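Colleague: Residue numbers (the working numbering), protein chains in the order written: chain V, 136 to 456; chain C, 100 to 363. In this text, a Cβ means the ideal position worked out from N, Cα and C, and glycines have one as well. On a predicted model such as this, the values are computed, not experimentally measured, just so you know.
#1: Under 8 angstroms between C-beta atoms, does residue 283 of chain C make it to chain V?
#2: Are the beta-carbon atoms belonging to residue 181 of chain C and residue 241 of chain C less than 8 angstroms from one another?
#3: Using a Cβ-Cβ cut-off of 8 angstroms, state whether residue 341 of chain C counts as contacting chain V.
#4: By the criterion of Cβ-Cβ separation under 7 angstroms, what are the contact partners of residue 200 of chain C in chain V?
#5: Tell me where the alpha helix (DSSP H) around residue 142 of chain C begins and ends.
#6: Can you check DSSP and say which residues form a bridge with residue 148 of chain C?
#7: Which residues does DSSP pair with residue 222 of chain V in a beta bridge?
#8: Does DSSP classify residue 259 of chain V as helix, strand or coil?
#9: What is the DSSP secondary structure of residue 387 of chain C, counted as helix, strand or coil?
#10: Taking only beta-carbon atoms, is residue 241 of chain C less than 8 angstroms away from chain V?
#11: Using a cut-off of 7 angstroms between C-beta atoms, extract the partners of residue 439 of chain V located in chain C.
#12: State buried or exposed for residue 331 of chain C, treating a residue as buried only when at least 16 other CB atoms are found within 10 Å of its CB.
#13: What is the DSSP secondary structure of residue 363 of chain C, counted as helix, strand or coil?
#14: Answer with yes or no whether the minimum CB distance from residue 159 of chain V to chain C is below 8 angstroms.
#15: With distance defined between alpha-carbon atoms, name the residue in V:413, V:438 and V:437 nearest to residue 219 of chain C.
#16: Using the beta-carbon count (16 or more within 10 Å), is residue 371 of chain V buried or exposed?
#17: Residues of chain V with a CB under 8 angstroms from the CB of residue 348 of chain C: which are they?
#18: With 8 angstroms as the threshold, decide whether the Cβ of residue 407 of chain V is near any Cβ in chain C.
#19: I want to see whether chain C comes within less than 8 angstroms of residue 382 of chain V, judged by CB atoms only; does it?
#20: So which residues of chain C does residue 146 of chain V contact, with C-beta pairs closer than 7 angstroms?
#21: So that I know if they touch, is there some Cβ in chain V lying closer than 8 angstroms to that of residue 353 of chain C?
#22: For residue 251 of chain V, which three-state DSSP category applies?
#23: Report the start-end ranges of each alpha helix (DSSP H) in the region 307 to 376 of chain V that is 4 residues or longer and not cut off at the edges.
#24: If you measure between the beta carbons of residue 335 of chain C and residue 155 of chain C, is that distance less than 8 angstroms?
#25: What residue from V:331, V:426, V:333 and V:434 has the CA that sits closest to residue 222 of chain V's CA?
#26: Taking C-beta pairs closer than 7 angstroms, name the residues in chain C that residue 413 of chain V reaches, listed in chain order.
#27: If I measure Cβ to Cβ from residue 241 of chain V and keep anything under 6 angstroms in the same chain, skipping five residues before and after, which residues do I get?
#28: Mind checking the region 142 to 169 of chain C against chain V and listing, in chain order, the residues whose C-beta falls within less than 7 angstroms of any C-beta there?
#29: Pull up the distance between the alpha-carbon of residue 318 of chain V and that of residue 328 of chain C, whole angstroms please.
#30: Of the residues V:441, V:433, V:277 and V:449, which one's Cα is nearest the Cα of residue 208 of chain V?
#31: If you reduce the DSSP assignment to three classes, tell me which class residue 301 of chain V lands in.
#32: Go through its chain and collect everything with a Cβ distance to residue 411 of chain V's Cβ below 6 angstroms, but skip five positions before and after it.
#33: Would you check if there are 3 or more beta carbon pairs closer than 8 angstroms linking the region 345 to 356 of chain C to the region 281 to 292 of chain V?
#34: Specify whether the region 355 to 366 of chain V and the region 398 to 412 of chain V touch according to this definition: at least 3 beta carbon pairs, one from each stretch, less than 8 angstroms apart.
#35: Below 8 angstroms on the Cβ atoms is my guess for residue 272 of chain C versus residue 190 of chain C; work out the distance and round it to an integer in Å.
#36: Going along the chain, which residues of its own chain have a beta-carbon closer than 6 angstroms to the beta-carbon of residue 247 of chain C, five neighbours each way excluded?
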């Protein structure tokens, strides 16, 4: 298992370098000086520019410059924000927790709801319940994230003022402890649902197809023959194997989840990485955008690695191959 | 269900016709601000007017043109790249296959939307650039499908027969493998059209799409300010985009199911 994990980790490293090289080349193809895009330094005079170019090694050939860039990344230096002058790394770190909270909540909703709906549909395939659920999931993964967000805001906070539409906490209220937790959950509900719906729909469909297949397996028949209840057979015996394709999918869709986060956080002014990307886009804060791309790529690749390992743990055929 | 699928195909056909014919349709100009602002739907303005007095129906129709061009063109780019890389990996096998698939798998997971935002922020958004960048970032899914097809097809007897009669690799791939691999590749292409339209709409919604082109995402962004009083500014562009994606997905799903169970 350890060997498998290390092997996968080693495979990731060249991919990550390719990814950095790609962003580096894009920035170098841009009009203007790369100092601006990569390090966000304001250039005041010709002398200052020369000093900065020398400091960042920009007077050297392209490959050497790339190595200098890698060096500064390795020291955790992602440059400075153009608009505020704060170090990009610190700003991103500050915005990471709200995004993680939003993503994890959405993930739990999506996997829980998706598996449940999928299992209900798969128990009675091709019945009215099944067709209705599948139509619902088709709609769920066809409706654009921002439109769903707009609709929920219109219905559940404008017409029926149940939920707040802005931020993570109520402004001007310094709640602490339990009161604060409730306040955050209150703000979290709508955005988490908006992010979750697309994945919930996809997971329901995957679970359904996979579970219908597994329920035909001989081992399920033998579990039934032992006299186990349908509930135990479905949820304890069949579902475990039926979850495998879902785990793969979970890993593959992490990158698209970042898109969902950007749109949703912008709509709800949720103070995370997505909202940060939006403000950076508006202010043309290039080092911030590049930093967000680098950091979110690392997060996504690592999370993908973790799901692969989870898959290997679930399925001995993979790790023993 | 069969009737629903037929409806989806008819709807997509209609969109295509509308998209192609937009300039010659008898519509008010989507940019003229002559009507009274924020009128609710009526016979004069089917979908009402927006806050600047522009006809929402005309804007939704023009948006069809932009969304469809972005969807189709970037799906074509993604399909071409994905097919070539997938064919190389699947047919050649070995180290090349492993290397290409590592890159493909990683590209599939990467947050490409942030990359698109960076490119748009640096180079400025134009429809052409948006098409290009969406196309260049959404090939991995197609590459995986193409690879799987070429991998199984190359072991078939007719390939052996072609090789023993002296066909070159290039000819085998082009004449014998590609036509057989095409159906599943085209199925994923349908789904690519849908995701490309969604990506463009998300860009428009963030105000990061071509400011001179009228797109569904932009209509929704503009509607954000007035939606509390004017539901039609959200409802019609929203319906247009949702129905389009719904139709594309249901056609894609049907085709995929048919491709997965041959002989049905």
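Modeller: If we stick to the structure as given:
#1: On the second chain, residue 283 of chain C is found 184 positions in, with the first residue counted as 1. Under the 8 angstroms criterion on CB atoms, residue 283 of chain C is classed as non-interfacial with respect to chain V.
#2: As a first step, residue 181 of chain C is located in the second chain; it is residue number 82 there, counting from the start. As a first step, residue 241 of chain C is located in the second chain; it is residue number 142 there, counting from the start. The criterion of a C-beta distance shorter than 8 angstroms is satisfied by residue 181 of chain C and residue 241 of chain C.
#3: For the purposes of this step, residue 341 of chain C is identified with residue 242 of the second chain, where counting begins at 1. For residue 341 of chain C, the closest Cβ of chain V is nearer than 8 angstroms.
#4: Here residue 200 of chain C corresponds to residue number 101 of the second chain, with the count starting at 1. Under the 7 angstroms cutoff, chain V gives no residues; its nearest Cβ is about 10 angstroms from residue 200 of chain C.
#5: As a first step, residue 142 of chain C is located in the second chain; it is residue number 43 there, counting from the start. Element bounds for residue 142 of chain C: n/a, residue is neither H nor E.
#6: The residue labelled residue 148 of chain C in the question sits at position 49 within the second chain. C:154, per the DSSP bridge assignment.
#7: Numbered from 1 along the first chain, position 87 holds the residue referred to as residue 222 of chain V. The partner list for residue 222 of chain V (beta bridge, DSSP) reads V:215.
#8: Numbered from its first residue, the first chain carries residue 259 of chain V at position 124. Here residue 259 of chain V carries a coil assignment [DSSP, helix/strand/coil].
#9: Any question about residue 387 of chain C goes unanswered here, given that chain C covers just 100 to 363.
#10: Start at 1 with the first residue of the second chain, and residue 241 of chain C comes out as number 142. Among the residues facing chain V, residue 241 of chain C is not included, as its CB has no counterpart in that chain under 8 angstroms away.
#11: Locating residue 439 of chain V in the first chain gives position 304, counting from the first residue. Within 7 angstroms Cβ-Cβ: 208.
#12: Your numbering for residue 331 of chain C matches position 232 in the second chain. Taking a 10 Å sphere around the C-beta of residue 331 of chain C, we find 16 or more other C-beta atoms and assign the residue as buried.
#13: Here residue 363 of chain C corresponds to residue number 264 of the second chain, with the count starting at 1. Residue placement at residue 363 of chain C cannot be trusted, given a pLDDT of 36 that sits under 50; what the coordinates show is reported in the next sentence. Coil at residue 363 of chain C, not helix or strand.
#14: Position 24 of the first chain, counted from the start, is the residue given in the question as residue 159 of chain V. By this cut-off, residue 159 of chain V is not an interface position.
#15: Locating residue 219 of chain C in the second chain gives position 120, counting from the first residue. Measuring C-alpha to C-alpha distances from residue 219 of chain C to each of V:413, V:438 and V:437 identifies V:413 as the nearest.
#16: The sequence position of residue 371 of chain V within the first chain is 236, counting from 1. Taking all protein chains in view, the Cβ of residue 371 of chain V is surrounded by fewer than 16 other Cβ atoms within 10 Å, so the residue is classified as exposed.
#17: Locating residue 348 of chain C in the second chain gives position 249, counting from the first residue. Under the 8 angstroms cutoff, chain V gives 273, 276 and 277.
#18: Working through the first chain from its first residue, we reach residue 407 of chain V at position 272. Not one chain C Cβ lies under 8 angstroms of residue 407 of chain V.
#19: Taking the first residue of the first chain as 1, we reach residue 382 of chain V at position 247. Residue contact with chain C for residue 382 of chain V: absent (no Cβ-Cβ distance below 8 angstroms to any residue of chain C).
#20: Translated into positions along the first chain, residue 146 of chain V becomes position 11. Counting only Cβ-Cβ distances below 7 angstroms, residue 146 of chain V has contacts in chain C at 201, in chain order.
#21: Position 254 of the second chain, counting from 1, holds the residue named residue 353 of chain C. Taking Cβ atoms only, chain V never reaches closer than 8 angstroms to residue 353 of chain C, which makes this a no.
#22: As a position in the first chain, residue 251 of chain V is number 116, starting the count at 1. Reduced to three states, the DSSP call for residue 251 of chain V is helix.
#23: The qualifying runs are 312 to 349 and 353 to 360.
#24: Translated into positions along the second chain, residue 335 of chain C becomes position 236. Translated into positions along the second chain, residue 155 of chain C becomes position 56. Taking C-beta atoms as the reference points, residue 335 of chain C and residue 155 of chain C count as a pair closer than 8 angstroms.
#25: As a first step, residue 222 of chain V must be located in the first chain, where it is residue number 87. Of the candidates V:331, V:426, V:333 and V:434, V:426 places its Cα closest to the Cα of residue 222 of chain V.
#26: Numbered from 1 along the first chain, position 278 holds the residue referred to as residue 413 of chain V. 305, listed in chain order.
#27: Locating residue 241 of chain V in the first chain gives position 106, where the first residue counts as 1. Correct list, in chain order: 327, 330 and 331.
#28: In summary, no residue of the region 142 to 169 of chain C has a CB separated from any CB of chain V by less than 7 angstroms.
#29: Here residue 318 of chain V refers to the residue found at position 183 of the first chain. Here residue 328 of chain C refers to the residue found at position 229 of the second chain. Spanning the two alpha carbons is a distance of roughly 28 angstroms.
#30: As a first step, residue 208 of chain V is located in the first chain; it is residue number 73 there, counting from the start. Among V:441, V:433, V:277 and V:449, the Cα nearest to that of residue 208 of chain V is on V:433.
#31: Here residue 301 of chain V corresponds to residue number 166 of the first chain, with the count starting at 1. Correct three-state label for residue 301 of chain V: coil.
#32: Stepping through the first chain from its first residue, residue 411 of chain V is reached at position 276. Closer than 6 angstroms at the Cβ level, and outside the excluded window around residue 411 of chain V, lie 230.
#33: Result no; under three Cβ-Cβ pairs closer than 8 angstroms.
#34: Between the region 355 to 366 of chain V and the region 398 to 412 of chain V there are fewer than three inter-stretch CB-CB distances shorter than 8 angstroms, so the stretches are not counted as touching.
#35: The residue you call residue 272 of chain C lines up with position 173 of the second chain. The residue you call residue 190 of chain C lines up with position 91 of the second chain. Correct: roughly 6 angstroms between the Cβ atoms.
#36: Numbered from its first residue, the second chain carries residue 247 of chain C at position 148. Excluding residues up to 5 positions away in sequence, nothing lies with its Cβ nearer than 6 angstroms to the Cβ of residue 247 of chain C in the same chain.
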